[in-house]
Structures are given as C-alpha cells and as structure tokens.
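Protein chains in written order, with my numbering: chain U, 1 to 222; chain L, 223 to 319. Idealized CB from N, CA, C, for every residue including glycine.
Quick look at the structure:
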C-alpha cells in the first residue's frame, strides 16, 4: 500500500514538474527559431542617424537646385547642368555610404552588448535580402539618370528601397516592413506628381527614417 | 491527449537544435556551437543522439580546406517535433481550463 502510494506520488510529482515547463519550453523553441533566422542586432539609432544624414543631403540639394525659390517648381531648376547633377550624385552616394557605415557600426555595438555574433547565417540572409533589390534599384536609377529620365528617379529609388525593406523584414525585426510600405506609398505618389521629387525623397529617406528609427529605438533598444 | 512527449527532446540542447533545424534548411556545426554556447563534445553527443533517432541527417563538405558539417532535419524528425509541439500546446490548453 505504502509502496503504491509512493509510486503514484512520484508519478504525480513528475507530471507536476512537466506541467511547469511547457510554456517555458515553447518560449525557448520560439526564441531559438527567431534567433537562428532573424538578424536582431539592428539598431533604431542607426535609422535616426540615416534620416538626419538624408535631411542634411536634401538641404544641400535644395540649396543647389532651387534656392532661393520654394522647392516645388517643376522644371524651373537647372538640374540638367552636369555640375549640379554630379554634385547631387556625390551627395547621394555620401549619404548612402554614411548610413550603411552607421548601420554596421551600431549593429556591431548592439551585438556586443547582447553578446551575440554579428556575422551569422541570419545576418547574411538579411543583408542579401536587403541588398539585392537595393543594388538593382541603384543601377536602374543610374540608367534612368544616364538616359535623362530624371523625373522618375526619386520614385524609383523610393519604390526599390521599399521593396528591399519588405523583402528583408522576413529576416529581421518584422516591423521594418511597415516602413517599407510607407516608402512604397510615397514612391507611387511621387511618380504621379513630378516636380515634388526632392520633397518626397526628403520625406521618405529623411523624415520617415527619423520617426521610424526613434520608434524602434524606444521599442527594442532601451 | 494529442501529441507525443518525445524523450529525444527532453534535453534542452536537443530541443534547441531541433527548433533551429525546423526553420533553417541547413545549419552547420560551428554555427550551432555559437548560438547554443555549448562545448564541442557536448554538442557532438547531442547531434549523435538525434541522428541515431533518425531525426537529423548531415553531410560533410569542404569550404576551402576547412571541413564543414551541415545538419538538416529529416521528415521523421520534423513529424516527431511537430507531435512534441502539439503535446506541449495541449498541455498548456488543458492547464488553462
């Protein structure tokens, strides 16, 4: 009798011990799946800084193209001048390079803080998902510029960037895709309103980045 | 109760290995070591265990001169893991009611 009681008691204990675990175990499984597939060291601060670089770049572009007129004029500008075009290209490339470098540097810092590796199969997938549409879009935009279709360059960059973000969101914080949708919407709007390229560009790469970056910062980084 | 509590996934390292292989087509030994933060010997024995259960398979390749062992989940492994997941979920649901 005592032996039976003891064995049923140990069984009960075993079940109890297992009962405590399933939530933890499921959480463990979920976190492992996320950590092994997603690049989570992306820093919100890098978004804010990229936005600020873009705003500065846009300010410079405004000064060269429109100043002292308001930035709405369509074809009142002298963007066709080679000198201006070259300046704009250099500025855009500088903004892009600075943003990428900032993103890399801050991600490295964050991965050190969370003691996770920066260069994993997850981050490689994230980078390639992001870069393939981005590089294709960049080359396509250069082709547009060389053919003189300047009017469609701002929408093209916005749309390709939006697609790149939506593509890469599968391999990082899923929230990035909403930024992608916003960029897409801006790109489409911009395509139908020629002459507002600099404004939509400033909104898309500057303002949206600052807003989104700070939202991500408050949500994940603090 | 639906689902089966699988002894193979009782150990936390094996559970983690299988979770990773459910969402990654392939995963190599060194990446496992980094993400799981376990020793070579420990990881190898758990991988061996899962392999002898028929839940994972591996293939060895060379990247340059370095050997690389890639692991992937077998169909049997995926089914077994899904059954284990069902068991855990049912356990939670029953606890709630």
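Asked	Found
Residues in the region 33 to 53 of chain U having any Cβ partner in chain L nearer than 7 Å	33, 35, 36 and 37
Straight-line Cα distance separating residue 291(L) from residue 101(U)	33 Å
Boundaries of the beta strand (DSSP E) in which residue 288(L) is found, first to last residue	288 to 295
Residue interval of the alpha helix (DSSP H) (run including residue 126(U))	121 to 147
Residue closest to residue 90(U), alpha-carbon to alpha-carbon, out of 110(U), 120(U) and 54(U)	54(U)
Members of the region 109 to 138 of chain U near chain L, C-beta cut-off 7 Å	117, 120 and 121
Where residue 283(L) falls: helix, strand or coil (DSSP)	strand
Rounded separation between residue 242(L) and residue 306(L) - CA only	15 Å
Sequence-distant residues of its chain with Cβ nearer than 6 Å to residue 237(L) (five each side left out)	231
Coarse secondary structure for residue 249(L), derived from DSSP in three states	strand
N- and C-terminal bounds of the alpha helix (DSSP H) containing residue 221(U)	Note, residue 221(U): premise wrong, no alpha helix (DSSP H); not H, not E.
Contact set between residue 233(L) and chain U, taken where Cβ atoms lie within less than 9 Å	The contacting residues do not exist; residue 233(L) stays about 11 Å from chain U at best.
Touch test, the region 215 to 222 of chain U against the region 38 to 47 of chain U, Cβ-Cβ under 8 Å, three pairs minimum	yes
CA-to-CA distance, residue 33(U) to residue 126(U), given in whole angstroms	15 Å
Residue 26(U): contacting residues in chain L (beta-carbon distance under 9 Å)	307, 310, 311 and 314
Stretch pair the region 186 to 201 of chain U + the region 136 to 156 of chain U: three plus CB contacts closer than 8 Å	yes
Chain U contact for residue 256(L) (CB, 7 Å cutoff)	yes
7 Å CB neighbourhood of residue 116(U) in its chain, flanking five on each side removed	41
Nonlocal neighbours in the same chain, by C-beta distance under 8 Å from residue 165(U), ignoring five residues either side	130, 176, 177, 179, 180 and 183
Spatial distance of residue 138(U) from residue 174(U) (CA atoms)	24 Å
Contact check, residue 226(L) vs residue 309(L), beta carbons under 7 Å	yes
Whether residue 245(L) touches residue 37(U) by CB criterion (7 Å)	yes
Per-residue contacts from residue 23(U) into chain L (C-beta, under 7 Å)	314
Candidates 200(U), 204(U), 205(U) and 35(U), of which the one nearest residue 114(U) by Cα	35(U)
DSSP-derived helix/strand/coil call for residue 41(U)	coil
Contacts of residue 242(L) in chain U (Cβ-Cβ under 8 Å)	32, 33 and 36
Given residue 147(U) as reference, the closest of 85(U), 28(U) and 135(U) once Cα atoms are compared	85(U)
Closer than 7 Å to chain L by CB, residue 29(U)	yes
Simplified DSSP state of residue 214(U), which is helix, strand or coil	helix
Residue range of the unbroken alpha helix (DSSP H) whose run includes residue 268(L)	262 to 274
Cβ-based burial, residue 202(U) [other Cβ within 10 Å; buried from 16]	buried
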